[in-house]
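What follows is a single structure, written as structure tokens, with notes after it.
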Amino acid sequence: MKESKAEQSRKRISSLRMLYLLRFYLFCFFFRGYIGLSNSSLEGRIVKGYRVEITRYPYSVFLYFSKYNPKACGSSLITDQAVITAAHCLDELKYLNGKIKAYFGSNVPVYANLIRYVVAYRTHPKYNEERGRYNLGVALFNERVPLDRNVQKIPIAVKVPMPNDALFTSGWGKQDPKKFPDVSTYRSLKASKHRLITTRECEKYHSFRMSPAYWCTMSINGYHYHGDAGNGLVTNDAFLVGVVSYVINDITVYSDVTREVRWIKESILSLMDSC
1 MKESKAEQSR KRISSLRMLY LLRFYLFCFF FRGYIGLSNS SLEGRIVKGY
51 RVEITRYPYS VFLYFSKYNP KACGSSLITD QAVITAAHCL DELKYLNGKI
101 KAYFGSNVPV YANLIRYVVA YRTHPKYNEE RGRYNLGVAL FNERVPLDRN
151 VQKIPIAVKV PMPNDALFTS GWGKQDPKKF PDVSTYRSLK ASKHRLITTR
201 ECEKYHSFRM SPAYWCTMSI NGYHYHGDAG NGLVTNDAFL VGVVSYVIND
251 ITVYSDVTRE VRWIKESILS LMDSC
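Position one of the sequence shown corresponds to residue 1 (UniProt numbering), numbered consecutively onward.
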């Protein structure tokens, strides 16, 4: 018997409903499996860190070198006119007669509305370039920066972290080793999560003995690459404990800032007096 048009229409509607239900159940199945992943499983898959808004890390300042390599470094705002970074990031001024431009308050540096220039700096007197020891530098800007939700100072930690504590970094380092060209001022701010390890464990990856002047971490989510030197290492409650010095294998080594509060304060005062 030939079906009526109404019967054919009802069957088509029924088939479409079944198809939509099937798609819905499949979506629920995969979504449930996704949200059911443990944090460690998810973080194991995100190997390059995660994008964040500048409001989560408003102390992060992008330093751009306008003349020679390296093209960029990270830094942390510790007063409204000074940042702390890695000593070797300031070689642009020390050796090459270049200029360092600082970008504030933007996820992507090139879109920043607030820019300053480094006019003076100090590197740690015990800085050892070969071993990266005391790899700390303080840079002073030509003007103070206005503070708002996108631009904030970060305090230096009084309470030091313990081994196995989770710590965080943020910055604009190279995000894809295979990407070329890769203009640093167009990179988005990314954060990464790390686990603090003991100096004894860290020494397994080095040819020399580690001193208390270092922190070492292993990656939980994201790793450091070119352009990440100078990034701040911070606690979960946003206190600065270290500055990225260098990377060896999967270990990141930092200069400890908690031991250098006096030197940092004296350096800033000296820089301001001389300008």
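Don't be surprised by glycine CBs; every beta carbon is placed ideally from N, CA and C.
Worksheet item: Based on Cα-Cα distance, which residue from K126, V61, P155 and V83 lies nearest to L114?
Response: V61
Discussion item. Please report the straight-line C-alpha distance between Y135 and V183, rounded to a whole angstrom.
Written reply: For clarity, residue 135 is Asn in the given sequence; the question names Tyr instead. In this model, N135 and V183 are separated by some 26 Å (Cα to Cα).
Worksheet item: Would T252 be called buried (16 or more neighbouring beta carbons within 10 Å of its own) or exposed?
Response: buried
Fill in: Cα-Cα separation between H206 and V257, rounded to whole angstroms
Between the alpha carbons of H206 and V257 lies a distance of about 21 Å.
Practice prompt. Report yes or no: do three or more beta-carbon pairs, one from the region 198–214 and one from the region 168–175, lie closer than 8 Å?
Written response: With the cut-off at 8 Å, the region 198–214 and the region 168–175 do not touch.
Practice prompt. On a CA-only basis, which of A82, N164 and S255 is nearest L63? Give me that one, please.
Written response: A82
Worksheet item: Quick one: is M272 buried, meaning 16 or more other Cβ sit within 10 Å of its Cβ, or exposed?
Response: exposed
Discussion item. With the cut-off set at 8 Å, would you say Y246 and G132 are in Cβ contact?
Written reply: yes
Practice prompt. Could you please give me the residues that DSSP links to Y186 through a beta bridge?
Written response: DSSP output for Y186 lists no bridge partner at all.
Discussion item. Taking 7 Å as the limit between beta carbons, can you name the residues of its chain near R195, skipping five residues before and five after?
Written reply: The residues are N164, A166, T217, M218 and I220.
Item to complete: Could you tell me the distance, in whole angstroms, from the CA atom of R45 to the CA atom of S270?
Response: Unreliable positioning characterises R45 in this predicted model, as indicated by a pLDDT of 26, which lies under 50. The coordinate reading is nonetheless provided below. Whole-angstrom Cα-Cα distance: 46 Å.
Discussion item. According to DSSP, simplified to helix, strand and coil, what is Y111?
Written reply: Assigned with DSSP and collapsed to three states, Y111 falls in helix.
Worksheet item: Tell me the DSSP bridge mates of S207?
Response: Paired residue(s): none; S207 is not in a bridge.
Worksheet item: Can you tell which of C275, F239, Y186 and D250 has the C-alpha that lies nearest to the C-alpha of V261?
Response: F239
Discussion item. Output needed for K153: all residues of its chain with C-beta closer than 8 Å, excluding positions within five of it in sequence on either side, in chain order.
Written reply: Y59, L77, I78, T79, D80 and L147
Worksheet item: Relative to the alpha-carbon of K99, which residue among Y121, D237 and K174 has its alpha-carbon at the smallest distance?
Response: Answer by Cα proximity: Y121.
Practice prompt. Could you pull out every residue in the same chain whose Cβ sits closer than 6 Å to the Cβ of R51, ignoring the five residues on either side in sequence?
Written response: S188 and K190
Worksheet item: By Cβ distance below 8 Å, which residues in the same chain neighbour E143 in space, the five residues on each side in sequence not counted?
Response: Q81 and R116
Discussion item. Suppose contacts are defined by Cβ-Cβ distances below 8 Å. Is G105 in contact with N150 by that definition?
Written reply: yes
Worksheet entry | Through-space distance from T85 to V244, alpha-carbon basis | Our two residues, V244 and T85, have alpha carbons roughly 8 Å apart in a direct line.
Discussion item. For I100, report the span of its beta strand (DSSP E) as first-last.
Written reply: I100 to F104
Fill in: Neighbourhood of P161 by C-beta distance below 7 Å, restricted to the same chain and skipping five residues each side
Cβ neighbours of P161 beyond the five flanking positions: L167, L196, T235 and V241.
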